[in-house]
Amino acid sequence: MQNQRKQIVAGNWKMHKTFEEGLELAGQIVSGFEGDKGVEVVLAPPFIHQKAVGELLAGVEGMSLAGQNCHQEAFGAYTGEVSAEMLRSVGARYVILGHSERRQYFGEDDELLRAKVDRALEAGLDIIFCCGESLEVREGGDFLSFVTGQVEAALFHLEESSMARVVLAYEPIWAIGTGRTASPEQAQEMHAHLRKKLGERYGVAFAERQTILYGGSCKPTNAKELFSQPDVDGGLIGGASLVAEDFLSICRSF
Ligand code: 13P
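Just so we're aligned, residue 91 is where the sequence shown starts under our numbering, counting upward by one.
The structure is reproduced here in structure tokens:
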């Protein structure tokens, strides 16, 4: 272990797996989970799987449940939506916010994300907050300030005690589901930059304690190298989290 930060591997199932398939996958992951390694393993199944997967995870030390999204209001006439309070009520510990798919396909902007962040924290959820640049921004060269801009806009209004409940996840859009992973050096560069910005806002000691995950085509074959970077504290895994063996192998990659 390189530092005192919490290491996390989170599986974002996105819109995959029927209910039965999801329960089977969660069961396989729970059976294969080696709880004594000090790594927190998080599963983020679709909404309707939450309660049942939560029951499987309850009592498994070192594993927790996350929602993939929540609404910015606590309750109300918002047909089709699910609130942070509801997620909390079935045992979720985290909610993923700011994922590029939500930004891109559902028009979620910084202002909305700020409201969702506030609501989730109020409801007692911790947050896995995603940020990341498109290929165009990467090639334009201004990617460091673009990504820190996303983080500042949605999170830097928070006080330190609230920010302590936010895990950042750097997910370059060009690496998501493309098989094209960021190189360990590219990930490290961004993570170190994010930590520096956290340090400027909340102090260096605080920044040193904050977990920052990498996501984007993270697989058993590249996880070890990515996680060995000094500022990479784990991963947010999409495709490879849908196969128990692959996901468990990534969890063992520290
Ligand atoms: P992939 O691991 O499938 O590239 O997805 C990453 C991701 O978006 C996790 O939230």
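Here a beta-carbon is modelled for each residue, glycine too, at the ideal position from N, C-alpha and C.
Straight-line Cα distance separating residue j from residue i
i: Gly273; j: Gly166; result: First, the amino acid is wrong: residue 273 is Ser here, not Gly. Taking the straight line joining both Cα atoms gives about 44 Å.
i: Asp216; j: Glu171; result: 19 Å
i: Ser121; j: Gly325; result: 21 Å
i: Arg291; j: Leu284; result: 11 Å
i: Glu191; j: Leu332; result: 18 Å
i: Glu229; j: Val143; result: 40 Å
i: Ile186; j: Ile138; result: 16 Å
i: Gln240; j: Gly222; result: 8 Å
i: Tyr304; j: Thr271; result: 10 Å
Burial state of residue i, where buried means 16 or more other Cβ atoms lie within 10 Å
i: Phe196; result: exposed
i: Asp199; result: exposed
i: Tyr184; result: buried
i: Pro262; result: buried
i: Asn159; result: buried
i: Asn102; result: buried
Own chain partners of residue i with C-beta closer than 8 Å, once the 5 adjacent residues on each side are dropped
i: Gln97; result: Met91, Gly128, Val129, Glu130, Thr301, Phe317, Asp323, Gly324, Phe344
i: Phe296; result: Glu250, Met253, Ala254, Leu288, Gly289
i: Gln276; result: Pro262
The ligand 13P heavy atom lying under 7 Å from the CB of residue i
i: Cys308; result: yes
i: Leu326; result: yes
i: Gly329; result: yes
i: Ala267; result: Checking the sequence, you will find Gly at residue 267 rather than Ala. Gly267 Cβ: within cutoff of the ligand 13P.
i: Gly305; result: yes
i: His281; result: no
i: Asn102; result: yes
i: His247; result: no
Residue i beta carbon near the ligand MG (any heavy atom closer than 7 Å)
i: Ala254; result: Questions concerning the ligand MG fall outside what the structure shown contains, since the ligands it does hold are the ligand 13P.
Sequence-distant residues of its chain with Cβ nearer than 6 Å to residue i (five each side left out)
i: Arg204; result: Ala244
i: Phe246; result: Arg291
Residues near residue i by beta carbon distance below 7 Å, same chain, minus five either side
i: Val180; result: Gln140, Lys141, Gly144
Item to check | Every unbroken alpha helix (DSSP H) inside the stretch 174–225 [4 residues or more] | outcome: 174–179, 190–195, 200–212
Item to check | 3 or more residues per run - each beta strand (DSSP E) lying fully within the stretch 264–342 | outcome: 302–305, 324–327
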